[in-house]
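Numbering of the sequence shown is given in the working numbering, commencing with residue 9 and proceeding in unit increments.
Please read the structure below before turning to the comments.
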Amino acid sequence: MKINVFYILVALVVIILTEGVYIVAGDNSSQPEEAPKTLTETTTQESEPTMPTVPTAAVPAPAPTPAPVIITSTKASTPTPTNTSPADTQAPTTPQGFAATVISDTQINLGWSVASDNVAVLGYRVYRDGVPIGTTPNTKYAAINLTPETRYALAVRSYDSAGNVSPLSGTITITTFAHQVVPAPTPVPPPTPAPVPAPVPLPAPVPPPTPEPTPAPVPAPVPAPAPTPTPAPSPTTHAVTVTKSGTISPSSLTINAGDIVRFTYTNPGDEVVLVFSPTPPSSIKLDDENSTKSYTFTNPGSYTYSKKDDNGTNATITVN
């Protein structure tokens, strides 16, 4: 049965080849025209069957790959601006009106007027004895933690953000006060509680008095005028002069409590410090800016004073 099927297939292939029929994959319009049929009687010898050669269908060529599209920008780049402004080399002006005030034995307050600059003043640098001790954006500065009875040379200069500095202001030489000892307050004992009074018995009821006839009205007396207050006596001002050599005139002075003593230094261009015992006052300083100072003595007693660090004469003030 298998042999018969094989021979049938071979016969069909022979017929197809004889008739000129081609099997081509794809479009049928590309097949060749059918060849004229010619029947020829032939004698064939039976042999081993051979497999027919079947035409291979044409494989279509792959589609061409499209070329990549490259997009380039034609926008011009913007150049980065550069800073062409000139550097600041101009120094600010020197602070004017530089002044110093002694506040205590450890503090001196400084002040000056505003400086100017072509751009802006950043701040001020304060110097003590030629050494910078601090900076401030304001026109005031407090030099603290100083030594009592010590002379200091103080100055100031301005500066800007570019590092330019002005010349130094005029130097001020000033001395702190002597050390001030504040006595400790005396403790106050607590108050003694008042004794609780014993209860008082209620008095016996008093019978109501017998009404008396109403007397005739008496005119009210005219009030006496209020006495005129006696004004308190005005304090007396006493003058004391101090020379450069330490001579104090008068050397002895008696005043009343509340009187004022005006001290005057007769040597301009210098300074003097008067030291008192007992205190207050602890000391009084006289110089060019304050060649005259006044002090009110309110506590009675005898005060001895003289020029500090000098062999001048001692003087006394007795307060009654």
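C-beta: ideal position from N, C-alpha, C; glycine also.
Below 6 Å, is the gap between the Cβ of residue i and the nearest heavy atom of the ligand ZN?
i: Ala-150; result: With respect to the ligand ZN, the structure offers nothing, as it holds no ligand at all.
Which whole-angstrom value describes the C-beta separation of residue i and residue j, a residue pair presumed to lie in contact below a C-beta threshold of 8 Å?
i: Pro-100; j: Ser-121; result: About 13 Å separates the two Cβ atoms, so there is no contact after all.
i: Ser-310; j: Thr-326; result: 5 Å
i: Ser-314; j: Val-283; result: 7 Å
i: Val-127; j: Ser-169; result: 7 Å
i: Glu-157; j: Thr-184; result: 6 Å
i: Val-250; j: Val-281; result: Contact flag wrong, Cβ pair sits at about 10 Å.
Out of the options, point me to the one whose CA is closest to residue i's CA.
i: Thr-300; options: His-246, Ala-19, Ala-206 and Phe-106; result: His-246
i: Gly-131; options: Ile-292, Asp-137, Leu-118 and Pro-145; result: Pro-145
i: Pro-308; options: Thr-321, Asn-328 and Gln-98; result: Asn-328
i: Leu-162; options: Lys-252, Ile-141 and Ile-24; result: Ile-141
i: Arg-133; options: Val-164, Pro-243, Gly-105 and Ser-177; result: Val-164
i: Pro-289; options: Asp-278, Pro-215, Phe-305 and Ile-24; result: Phe-305
i: Ser-253; options: Gln-98, Thr-102 and Thr-274; result: Thr-274
i: Ser-285; options: Gln-104, Asp-137 and Val-189; result: Val-189
i: Val-129; options: Ala-186, Pro-235, Gln-98 and Val-22; result: Gln-98
i: Gly-178; options: Lys-316, Thr-255, Tyr-135 and Thr-143; result: Tyr-135
i: Thr-160; options: Asn-172, Thr-147, Tyr-167 and Asp-137; result: In the sequence as displayed, the identity of residue 160 is Tyr instead of Thr. Checked all of Asn-172, Thr-147, Tyr-167 and Asp-137; the closest Cα to Tyr-160 is Asp-137.
i: Pro-276; options: Ala-265, Leu-294, Asn-264 and Val-22; result: Leu-294
i: Thr-147; options: Gly-171, Asn-172 and Thr-102; result: Thr-102
i: Gly-119; options: Thr-238, Ser-166 and Gly-171; result: Ser-166
Suppose the cutoff is 6 Å on Cβ atoms and the five residues either side in sequence are ignored; what does the same chain contact list for residue i look like?
i: Thr-80; result: Any reading at Thr-80 needs caution, since the residue's pLDDT is 47, under 50, leaving its predicted position unreliable; the model's value is listed next. So the list is empty, once near-sequence residues are dropped.
i: Asn-117; result: Thr-109, Ile-111 and Ala-150
Using a Cβ-Cβ cut-off of 8 Å (strictly less than) and excluding sequence neighbours within five positions of residue i, which residues of its own chain qualify?
i: Leu-261; result: His-246, Val-248, Val-269, Ala-323, Thr-324, Ile-325 and Thr-326
i: Tyr-374; result: For residue 374 there is no data in the structure shown, the boundaries of the chain being 9 and 328.
By Cβ distance, which residues of its chain are closer than 7 Å to residue i, with the 5 residues on each side in sequence left out?
i: Ile-24; result: none
i: Val-196; result: none
**OP:** Flag this pair as touching only if the region 146 to 153 and the region 219 to 231 have three or more C-beta atom pairs under 8 Å; answer yes or no.
**Re:** no
Original post:
Can you list, in chain order, the stretches of the beta strand (DSSP E) that have 3 or more residues and sit fully within the region 264 to 311?
Top reply: 268 to 273, 280 to 285, 291 to 294 and 300 to 304
Subject >> Three CB pairs or more closer than 8 Å across the region 204 to 217 and the region 236 to 245 >> reply: no
Subject >> Segments of 3+ residues assigned as beta strand (DSSP E) that fall wholly inside the region 211 to 251 >> reply: 245 to 250
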